[in-house]
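**Q** Here it is, the structure in full.
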Amino acid sequence: MMKILYGMYPIDQGEIFLNGEKVDLSKYNTHSAIKHGIGMVHQEFMLVKEMTVLENIILGVEPTKRNSKMALDFTAARKKINHYIENYQMNVHLDRKVLNISVGEMQRVEIIKALYRGADVLILDEPTAVLTPQEADKLFEILDIMRKDGVTIVFISHKLKEVMAISDRISVMRGGKYVATVHKSDTTIPELAKMMVGREVFLDGKRSMVEVGEPVLQVKNVYVPSERELSKNRDISFMVRAGEVLGVAGIDGNGQSELGEAIAGLRPVEKGEIILGDKVISNKAPHYVRDCGLAHIPEDRNDRGLNKEHTVTYNLVAAEIGDAPFSKYSIISEKEMRKVSEERIERFDIRPRDPRNLAMGFSGGNAQKIVVARELGAPGKKLLLAAQPTRGVDIGSIEGIRRLIDKAKREGLGVLLISADIDEILALSDRIIVMYEGRISGEVVNDEYLTDEKLGMLMLGGEADAKS
Amino acid sequence: MLKVKSEKFETTIRIVLAFVFSFVLFGVVIAICGHNPIDAFYQLFRGGFGSKFNFGSLIEDFIMILTIASAYSLTRRIGYFNLGLEGSFYLGAMFSAAPAFLLPDLPKIVIIPISLACGFIVAALYGSICGILKAYYNVNEACTTILMNYVAMFFCDFMINNVWVSPGSPIPQTPRVQENAMFAKLPLSPSRASTAIFVAFLVYIFVYFLTFRTTFGFKIRNVATNARFSDTVGMKSKRVVLATVMLSCGLGGIAGGLEVLGIYGSFIQNFSQNSAFQGIIACLLVNNNLALVPLSSFFISFTRAGGSGMEYYTGISSALIYTVTPLMILFVSMEKMFDYKRFFRFVRKIFVRNKEMNVKE
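Right, here's the structure in full:
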């Protein structure tokens, strides 16, 4: 919806009022949105990585020197930007390349960028998804000062805690429809959750305790290459045992994705060894790794997780197409595929039920359930590698998917849960390792003594000895 | 929600609509050129079906076009723009001829498979060059295949001028193949249409079966739409791409073999003149809908045979008929233009409005 407001998607119907004036919708686009003072910070940052922070901010509205239209006036720009930085106590280095700054800093750059364009309505789309708790707190402080300065802030989030922390008024949307707007003082978190889902939810369901068994996954001194310096895995070692969930926490881009891909066989391993069950799987093809017992929920369900142009049936059986009963002597049987997929759709509660639907029509939650159903529905799995399993999923399905992961644990699978969502890690994991700049910065047991702050410290590369 | 079946149905309708539109447009163009379009269409049909010879030469083209179209369909599916079929057509033709004039006389049942297999293998190996470049080094295939076509053509030129020379013939060609290697002719003389048509249909059925009924076809269809997904679920997408390209070029080679063993009896210099592209067009024409490929192949061969007939009888240049197919491709690719559902909705709206008005009156 916010993309409509920002003019990125065309408007079918309706009206927009801004400062009491009706906006001419026939010519409404991003450009006029900016002109009306709307600024947006997207979930995926829109920055040019090869340029400096300063260049990124002025991109598109470059100030020119008085005597020449061609020469850029960096001094004036710098002065104006520094004004914002001081005003909101933001820590931003103007001369660094965007490539080399942290995610939190990128976000601050995005905010300045919006302000620099004269925004007095600032839209933030899931701004904390990529931040540590500390960085999120810092962001809230900045937003608070801005609010006092008279900037209108639209804060989009599915994390209810944050919504409650920052907002004055809260509007709830469900399935593309407006549900209600409430004042913060009039509502509570469970009430909001109920509004969002239409029924009661229990996100903080107790994780089950299971007797742990033999190690299923051993990662020994592994080095994994990456395109980004910070994401290169360096000397990673850990193991996952049957019947336990090992959470991999960390801010996005600190090497978790690379680790996951290396285990799944999608990325080469430079040094070291990965063992699944009793077989070495490092530098082996994904097919071999799967045969060894890997169930893999990939990080990006729209790209690696699903084939959107095929039916649910095809998506559900794609990993096992070479095995009985789906094919015999390389000849596939649509009938068997249909039969098994109907059974899995029922078991994993994928809606709508019809297996002939194309995968592209599904909502985030149900699409992810297709992935989970394919991976956990297949027999003979030993390890579940779940990378960001509930990213971009509605709150009702989050609950369902987390339950499925917990169930997999009870059934004796080892689970490696990679997630940038601390709440998710805390809700599901028995042990947690934290990755920072491609290294493991600490390993902790998830018990009542573990706090968000301690995890946050580790995510920022702090030492594990902050044990208090 | 979108369903597969309804989508297929829609494309079929779209193709039919495109067909009608382009022929109407063709008629208009003929009228502008000062001829009678009805007469032209009549002569076009006479050119295609008027006599045994006309129909026979239609079949001659059909054999080659159907085989190439089936071959092209494979690579089309994975988004590989396989223009290298022209090259494999040449190589397949020459190396199918080679065993047939090098080996001693053998029975038909032995020599024909040997010949075709030989052409298939050489063409597949030729295709593997561009296939490897594409799959493992991501080199644009449109570039490599076109260049490799010339390599293949000049290599064939070299061979017939220096190694496998047929002495005393006016144009460079290989020696004639042994009589047993030739396909029996269909009863359509004096045309040269032969029983190779059965092999062409065999190739078509093979491609159809492979694409929709086998695990390999399943992989092709997955790699086609999302290679990264295919990798993740354990298909070796690069290998699938390479295998598909090799198979496609190999089948293109068989098309060459059918041409030599069915029609000419020897490999003649420049015998093809871009005819492989006709097969590619046949496949593009129906948006790679395999079920319709025989029809579109037949249609293309009809325009070829009918076009020369039309030229002969009415004086309308046969070049004009060749504009029909590009027009059709254009119309087929303009998906939105033939969104007939929207059209129906529009019509219904008008009707409903009229009814309402009638009621009011």
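Chains A and P are the protein sequences, given in the same order.
Numbers given in the numbering used here equal positions in the first sequence, counted from 1, plus 72.
Quick note on numbering: the numbering used here labels position 142 of the second sequence as 130, and the sequence is numbered without any gaps.
Even for Gly, the Cβ is constructed at its ideal location relative to N, Cα and C.
1) Could you give the distance in angstroms between the alpha-carbon of Thr183 of chain P and the alpha-carbon of Ala123 of chain P?
2) Name the chain P residues that come within less than 9 angstroms of His359 of chain A, Cβ to Cβ?
3) Per the DSSP calculation, Val254 of chain A is bridged to which residue(s)?
4) Closer than 8 angstroms, CB to CB, is Thr63 of chain P near chain A or not?
5) What residues in the region 435 to 447 of chain A have a beta carbon less than 7 angstroms from any beta carbon of chain P?
6) Who are the near neighbours of Gln161 of chain P in its chain, counting only those whose CB is closer than 7 angstroms to its CB and skipping five residues on each side?
7) Taking 7 angstroms as the limit between beta carbons, can you name the residues of its chain near Ile129 of chain A, skipping five residues before and five after?
8) Below 6 angstroms CB to CB, which residues in the same chain sit around Ser354 of chain A once its five sequence neighbours on both sides are set aside?
9) Please classify Glu520 of chain A: does DSSP put it in a helix, a strand, or coil?
10) Could you name the residues of the region 194 to 219 of chain P whose beta carbon sits closer than 9 angstroms to any beta carbon of chain A, in the order they occur along the chain?
11) Nearest-angstrom Cα distance between Met(-11) of chain P and Glu48 of chain P?
12) Are Ile56 of chain P and Ala243 of chain P close, meaning C-beta to C-beta below 8 angstroms?
13) Here's the rule I'm using: 16 or more other beta-carbon atoms within 10 Å means buried, otherwise exposed. How should Pro461 of chain A be labelled?
14) Here's a check: name, in chain order, each residue in its chain whose Cβ is nearer than 7 angstroms to the Cβ of Met316 of chain P, leaving out the five neighbours to either side.
15) In this structure, what does DSSP give as the bridge partners for Gly250 of chain P?
16) Mind checking whether Phe50 of chain P and Phe265 of chain P have CB atoms under 8 angstroms apart?
17) Under the three-state reduction of DSSP, which class applies to Asp493 of chain A: helix, strand or coil?
18) In angstroms with no decimal places, state the Cα-to-Cα distance between Pro92 of chain P and Val98 of chain P.
19) What in chain P is Cβ-close to Ala391 of chain A, meaning under 7 angstroms?
20) Give a yes or no on contact between the region 365 to 372 of chain A and the region 200 to 207 of chain P, applying the rule of three or more CB pairs nearer than 8 angstroms.
21) With 8 angstroms set as the bound, which would you pick, yes or no: does the beta-carbon of Leu378 of chain A sit closer than that to a beta-carbon of chain P?
22) Expressed to the nearest angstrom, what Euclidean distance is found between the alpha-carbon atoms of Pro358 of chain A and Gly337 of chain A?
23) Can you tell me whether DSSP reads Glu483 of chain A as helix, strand or coil?
24) Using a cut-off of 7 angstroms between C-beta atoms, extract the partners of Gly394 of chain A located in chain P.
25) Is the Cβ of Pro397 of chain A closer than 8 angstroms to any Cβ of chain P?
26) Please determine if the region 501 to 518 of chain A and the region 462 to 471 of chain A are in contact, where contact requires at least 3 C-beta pairs separated by less than 8 angstroms.
27) Nearest to Met234 of chain P by alpha carbon, out of P:Leu62, P:Asp145, P:Phe143?
28) Considering only DSSP beta bridges, list what Ile514 of chain A is partnered with.
29) Please classify Tyr188 of chain A: does DSSP put it in a helix, a strand, or coil?
30) Return the first residue and the last residue of the beta strand (DSSP E) that Gln290 of chain A is part of.
31) With 9 angstroms as the C-beta to C-beta threshold (strictly closer), list the residues of the region 336 to 370 of chain A near chain P in chain order.
32) Note down, in chain order, every chain P residue with its Cβ under 7 angstroms from the Cβ of Glu408 of chain A.
33) Within 10 Å of its beta-carbon, does Lys479 of chain A have 16 or more other beta-carbons around it, so buried, or fewer, so exposed?
34) Spell out a yes or no on whether the region 162 to 179 of chain P and the region 26 to 35 of chain P are touching, meaning 3 or more CB-CB pairs, one atom from each, closer than 8 angstroms.
35) Can you tell me the Cα-Cα spacing of Glu212 of chain A and Val320 of chain A, whole angstroms?
36) Which of the three DSSP states, helix, strand or coil, is assigned to Ile404 of chain A?
**A** Inspection of the coordinates gives the following:
1) Along the second sequence, read from residue 1 onward, the residue named residue 183 of chain P stands at position 195. Along the second sequence, read from residue 1 onward, the residue named residue 123 of chain P stands at position 135. Going from the Cα of Thr183 of chain P to the Cα of Ala123 of chain P covers about 37 angstroms.
2) The count along the first sequence starts at 1 and reaches residue 359 of chain A at position 287. Per Cβ cutoff of 9 angstroms: Val221, Gly222, Met223, Lys224.
3) Taking the first residue of the first sequence as position 1, residue 254 of chain A is located at position 182. The partner list for Val254 of chain A (beta bridge, DSSP) reads A:Ile242.
4) Here residue 63 of chain P refers to the residue found at position 75 when the second sequence is read from its first residue. Output row for Thr63 of chain P: interface = no.
5) Sequence-ordered contacts of the region 435 to 447 of chain A with chain P are nonexistent [C-beta pairs closer than 7 angstroms].
6) Here residue 161 of chain P is taken as the residue at index 173 of the second sequence, counted from 1. The beta carbon of Gln161 of chain P is closer than 7 angstroms to those of Ile148, Ser154, Ser254, Phe255, Ile256, Gln257 in its chain, skipping five residues each way along the sequence.
7) Residue 129 of chain A sits at position 57 when you count from the first residue of the first sequence. For Ile129 of chain A, where only same-chain residues beyond five positions count, the Cβ hits under 7 angstroms are Ile153, Val181, Ile184, Lys185, Tyr188.
8) Numbered from 1 along the first sequence, position 282 holds the residue referred to as residue 354 of chain A. Non-local beta-carbon contacts of Ser354 of chain A in its own chain, meaning distances under 6 angstroms to residues more than five positions away in sequence, involve Val341, Glu345, Ile346 in chain order.
9) Here residue 520 of chain A refers to the residue found at position 448 of the first sequence. Residue state, collapsed to three classes: coil.
10) Hits within the stretch, in order: Phe197, Phe200, Arg201, Thr202, Thr203, Phe204, Gly205, Phe206, Lys207, Arg209, Asn210, Ala212, Thr213, Asn214, Arg216, Phe217, Ser218, Asp219.
11) Against the second sequence, residue -11 of chain P aligns to sequence position 1. Against the second sequence, residue 48 of chain P aligns to sequence position 60. Only weak support exists for where Met(-11) of chain P lies, its pLDDT of 49 falling under 50; the value from the coordinates is given anyway. Rounded to whole angstroms, Met(-11) of chain P and Glu48 of chain P show a C-alpha spacing of 45 angstroms.
12) What you label residue 56 of chain P is simply residue 68 of the second sequence in a count that begins at 1. What you label residue 243 of chain P is simply residue 255 of the second sequence in a count that begins at 1. Yes, Cβ-Cβ distance for Ile56 of chain P and Ala243 of chain P is below 8 angstroms.
13) Mapped onto the first sequence, residue 461 of chain A falls at position 389. Looking at its Cβ environment, which holds 16 or more other Cβ atoms inside 10 Å, Pro461 of chain A is buried.
14) For the purposes of this step, residue 316 of chain P is taken as the residue at position 328 of the second sequence. A distance below 7 angstroms between beta-carbons, with the five flanking residues on each side excluded, links Met316 of chain P to the following residues of its chain, in chain order: Ala6, Phe7, Ser10, Leu273.
15) Against the second sequence, residue 250 of chain P aligns to sequence position 262. DSSP, once it has assigned bridges, lists no residue as partnering Gly250 of chain P.
16) As a first step, residue 50 of chain P is located in the second sequence; it is residue number 62 there, counting from the start. As a first step, residue 265 of chain P is located in the second sequence; it is residue number 277 there, counting from the start. Not in contact: Phe50 of chain P and Phe265 of chain P (Cβ atoms no closer than 8 angstroms).
17) As a first step, residue 493 of chain A must be located in the first sequence, where it is residue number 421. Coil at Asp493 of chain A, not helix or strand.
18) Start at 1 with the first residue of the second sequence, and residue 92 of chain P comes out as number 104. Start at 1 with the first residue of the second sequence, and residue 98 of chain P comes out as number 110. Their Cα atoms are separated by approximately 12 angstroms.
19) Taking the first sequence and counting its residues from 1, the one referred to as residue 391 of chain A is at position 319. Neighbours of Ala391 of chain A on chain P, chain order: Val221, Gly222.
20) Because the criterion of three Cβ pairs below 8 angstroms is not met, the region 365 to 372 of chain A and the region 200 to 207 of chain P do not touch.
21) As a position in the first sequence, residue 378 of chain A is number 306, starting the count at 1. So, interface residue.
22) By 1-based counting over the first sequence, the position of residue 358 of chain A is 286. By 1-based counting over the first sequence, the position of residue 337 of chain A is 265. Cα to Cα, Pro358 of chain A sits roughly 5 angstroms from Gly337 of chain A.
23) Numbered from 1 along the first sequence, position 411 holds the residue referred to as residue 483 of chain A. DSSP places Glu483 of chain A in coil when its eight states are reduced to three.
24) Indexing the first sequence from 1 puts residue 394 of chain A at position 322. Within chain P, the residues near Gly394 of chain A are Thr203.
25) If you number the first sequence from 1, residue 397 of chain A lands on position 325. Residue contact check for Pro397 of chain A against chain P: no CB pair falls below 8 angstroms.
26) The answer is no - the region 462 to 471 of chain A does not touch the region 501 to 518 of chain A, with fewer than three Cβ pairs under 8 angstroms.
27) Residue mapping note: residue 234 of chain P aligns to position 246 of the second sequence, counting from 1. The residue with the shortest Cα to Cα distance from Met234 of chain P is P:Leu62.
28) In the first sequence, residue 514 of chain A corresponds to position 442, counting from 1. The sequence shown places Gly at residue 514 of chain A, not Ile. Beta-bridge analysis with DSSP links Gly514 of chain A to A:Val506.
29) Numbered from its first residue, the first sequence carries residue 188 of chain A at position 116. When secondary structure is reduced to three states using DSSP, Tyr188 of chain A falls in the helix class.
30) For this step, residue 290 of chain A is matched to residue 218 along the first sequence. Residues 287 to 296.
31) Taking 9 angstroms as the Cβ-Cβ cut-off against chain P, the residues of the region 336 to 370 of chain A that qualify are Ala336, Gly337, Leu338, Ala357, Pro358, His359, Tyr360, Val361, Arg362, Asp363, His368, Pro370.
32) Residue numbering aside, residue 408 of chain A sits at position 336 when the first sequence is read from its first letter. Within chain P, no residue comes near Glu408 of chain A; the closest Cβ sits about 13 angstroms away, beyond 7 angstroms.
33) Along the first sequence, one-based indexing puts residue 479 of chain A at 407. Counting Cβ neighbours within 10 Å, Lys479 of chain A comes out exposed, since fewer than 16 surround it.
34) Output reads no: the region 26 to 35 of chain P does not touch the region 162 to 179 of chain P.
35) By 1-based counting over the first sequence, the position of residue 212 of chain A is 140. By 1-based counting over the first sequence, the position of residue 320 of chain A is 248. Note on residue identity: the sequence assigns Phe, not Glu, to residue 212 of chain A. Approximately 26 angstroms between the Cα atoms of the pair.
36) Here the question's residue 404 of chain A lines up with position 332 in the first sequence. Assignment of Ile404 of chain A by DSSP, reduced to helix, strand and coil, places it in the strand class.
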